[in-house]
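Here's the structure, in structure tokens; my notes come after.
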Amino acid sequence: MPKQQFNLNLSISLMNAMTSKAKADGISLEDLAVSAISEYVGYTPLAPKAALDKRLVVMETRIAKLEASLGESVA
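And the structure:
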């Protein structure tokens, strides 16, 4: 099995396990998604505003680069 397929299967298994656990604990899937996104971008409620602003700039830069590369591949 190629590594990418293994990683995809592992990710799907983890997502399914988290979804089942969230449902069992009475957590909405929306809350679970927000939590996962917050963790991905590095947000913590106690983080200083300057650190959050820096992370936001980093994410915006990544998005801009991705959009630019997608535009180039379409053109």
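Residue numbers (the numbering used here): 810 to 884.
Yeah, the Cβ is synthetic: ideal placement off N, Cα and C, and Gly gets one too.
Remember, it's a predicted structure, so these values are computed and weren't measured experimentally.
Asked	Found
Using the Cα positions of Ala-877 and Arg-864, report the straight-line distance between them to the nearest angstrom.	20 Å
When the distance is taken between beta carbons, is Leu-841 closer than 8 Å to Ala-831?	yes
Is the Cβ-Cβ distance between Asn-838 and Thr-828 less than 8 Å?	The sequence shown places Leu at residue 838, rather than the Asn named in the question. A contact, by the Cβ cut-off of 8 Å.
Can you grab the Cα-Cα spacing for the pair Lys-812 / Asn-825, in whole Å?	20 Å
Mapping the DSSP letters down to three states, classify Asp-834 as helix, strand or coil.	coil
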